[in-house]
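What follows is a short report on a single structure.
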Amino acid sequence: MSTGDEPDRNSWMTEPDEVQAEVPSEASPGEEECVPSAECWRCRLPVPIVLAECPRCHANLVREVTPIPSDAHGAKDVVQVIVGFTLLLLLSLGVGVIARLQPEQEVLVALDGIGAVLMAIVVMVCLRRVPATPQDLIHPGLASQLCAWVASPLILAALLAVNFAQAQFLRDLIGIKHDWILDRQGQYFLWFLVTYTIPPAIFEELFFRRLAIDVFARHIDRHSAILIAGVMFGMAHIGQPLGIPYLCLFGVVLGYIRLATGSLYLPMLLHALHNGFVICKEDWINAW
Amino acid sequence: MSELGSLTQSARKNELKSARGILFFVGIMTLLVNGFMFANAENEIKTVFDAEVQKIQQQGMMVDQNILTQEKAKGLQLVRLIYGGGAALGAVFCLLGAMIYKKPVPIVILALILYLGGNAMFGMLNPASLLQGIIIKVFIVVGLVKSVQAAIAYEKERQAQPEPEPTF
Chain A
2 MSTGDEPDRN SWMTEPDEVQ AEVPSEASPG EEECVPSAEC WRCRLPVPIV
52 LAECPRCHAN LVREVTPIPS DAHGAKDVVQ VIVGFTLLLL LSLGVGVIAR
102 LQPEQEVLVA LDGIGAVLMA IVVMVCLRRV PATPQDLIHP GLASQLCAWV
152 ASPLILAALL AVNFAQAQFL RDLIGIKHDW ILDRQGQYFL WFLVTYTIPP
202 AIFEELFFRR LAIDVFARHI DRHSAILIAG VMFGMAHIGQ PLGIPYLCLF
252 GVVLGYIRLA TGSLYLPMLL HALHNGFVIC KEDWINAW
Chain B
16 MSELGSLTQS ARKNELKSAR GILFFVGIMT LLVNGFMFAN AENEIKTVFD
66 AEVQKIQQQG MMVDQNILTQ EKAKGLQLVR LIYGGGAALG AVFCLLGAMI
116 YKKPVPIVIL ALILYLGGNA MFGMLNPASL LQGIIIKVFI VVGLVKSVQA
166 AIAYEKERQA QPEPEPTF
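Now the structure itself:
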């Protein structure tokens, strides 16, 4: 049926201009380059970083990554101390096995010297990355420092008494005639005195009372740290297996002295004096 | 605690369980072996001394029986002391294994130190023993080191997170 008005073909059709107006205008090439973009993690296509979702694959571009805690990283310092302890054990083992063959004094001189140098190297390598001392170990009170210094001669005397008593008891029990100290008497006595007092006093204290206690105290309470460091110290002296229980006690006492004074000076001094007395004991007994 | 955190803590607990198993295994084996050797010490001393006496007699020399008896007694004391110490170490390992959940970090570190030190000490007395069972020893040491790492992380996490309140 025809009407007078011809239907407007364009009445139900949108105007091309209106359509063009509704379509978002594409950014000019220059503007596109100014917007920084990143690569979508799923479709690998470039996406402006301001978007939260990829317009192509709809991947969530804002992801919170929870780092997976690495257990190994947290215990790295403890493992380093254990490795250092193992190296010291191997060193003691090597020196002890050779010394048990009862070689000539010249061989013992060289052995003790090499042992001291290797011990120093191992300890200095372990101390390359020294952790910060925990706060509660740094600042002991003045009273505790004074008490430690004043009581130190008595503590040393008590330790030496225990040492000599247990050594004599074990000798009587087992009937040991040979003593490693007796091998170190004679013309090289002064060399042995130096190698058994100064290097152990410095390097063993640095390793067991500084490094070990500080590292363990970061993860456990300080009393457990001192106990474990003391046991480590005793076990490291495998060349004198019968003396290990006493040496564990000695290590614990020196650990508490370090705690009381907040420094290594008094433990180093007591360690050097203790070893000196032990080395000289036989000489004094002979002179007596 | 997030789901990831609780899964990690479960994994660490399993690691501590493995450490407990290792400590019980090492402790019981050490106790049994050293206990047997302790009981057999007299026979061992007799065998060693008889062999030495035979060597001396083959060289045409005489052995003073009184001194021999004294030396045998002292040797027996020494051997019993060594094996008794080894058995005591085994008992200590079992004790540490039983207490591991109370203070995991110090116990696992102490166990590792005692294990390394004990092996070194017995290696001093008999260097050949160091290589005996070396693969098992390596596995034990690696297991204990991993347990140290897990224990430290476990304690850190446990101290950082409060205990969840019971829900009804």
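Taken in sequence, the protein lines are chains A and B.
The letter at position 113 of the first sequence is residue 114 when you use my numbering, and the numbering goes up by one with no holes.
The letter at position 3 of the second sequence is residue 18 when you use my numbering, and the numbering goes up by one with no holes.
Every residue, glycine too, gets a C-beta built ideally from N, C-alpha and C.
The C-alpha of residue 63(A) is placed about 12 Å away from the C-alpha of residue 48(A). DSSP assignment within the segment 85 to 114 of chain B yields no whole alpha helix (DSSP H) run of 4 residues or more. Taking a Cβ-Cβ threshold of 8 Å, the residues of chain A close to residue 135(B) are 90, 91, 93, 94, 236 and 239, in chain order. Excluding residues up to 5 positions away in sequence, 137 and 138 lie with their Cβ nearer than 7 Å to the Cβ of residue 144(B) in the same chain. Of 262(A), 193(A) and 144(A), the smallest CA-CA separation from residue 276(A) is found for 193(A). If only uninterrupted beta strand (DSSP E) runs of at least 3 residues are considered, none is enclosed by the segment 82 to 122 of chain A. The closest CA to that of residue 232(A), considering only 220(A), 255(A) and 219(A), is found on 255(A). 8 Å or more divides the Cβ of residue 82(A) from the Cβ of residue 167(B).
Following the DSSP letters along the chain, one finds residue 225(A) inside the alpha helix (DSSP H) bounded by residues 223 to 236. CA-to-CA, the gap between residue 203(A) and residue 92(A) works out to about 17 Å. For the pair residue 36(B) and residue 245(A), the Cα-to-Cα distance works out to about 27 Å.
Separation of the CB atoms of residue 31(B) and residue 119(B) is rounded to 6 Å, and the pair is thereby assigned contact status at 8 Å.
Contact annotation for residue 128(B) against chain A: 83, 86, 229, 232, 233 and 236 [CB-CB distance below 8 Å, chain order]. Residue 139(B) reaches chain A at 93, 94, 97, 98, 101, 239, 240 and 242, counting residues in chain order whose Cβ is nearer than 9 Å. In this structure, the alpha-carbon of residue 174(B) lies about 30 Å from that of residue 42(B). In this structure residue 51(A) is exposed. Its beta-carbon is surrounded by fewer than 16 other beta-carbon atoms within 10 angstroms. Sequence-ordered contacts of the segment 164 to 177 of chain B with chain A read 164, 165, 166, 167, 168, 169, 170, 171 and 172 [C-beta pairs closer than 9 Å]. Put simply, the CB of residue 76(A) is near chain B, with a gap under 8 Å to one of its CB atoms. The continuous stretches of alpha helix (DSSP H) do not include residue 49(A), which lies in the beta strand (DSSP E) extending over residues 47 to 49. Residues of the segment 111 to 125 of chain B with a Cβ closer than 8 Å to any Cβ of chain A, in chain order: 118, 120, 121, 124 and 125.
Boundaries of the beta strand (DSSP E) harbouring residue 40(A): 38 to 40, taken from the DSSP string.
Counting only residues of its own chain and dropping the five nearest sequence neighbours on each side, residue 97(A) has a CB closer than 8 Å to the CB of 239 and 240. Residue 61(A) is bridged by DSSP to 54(A).
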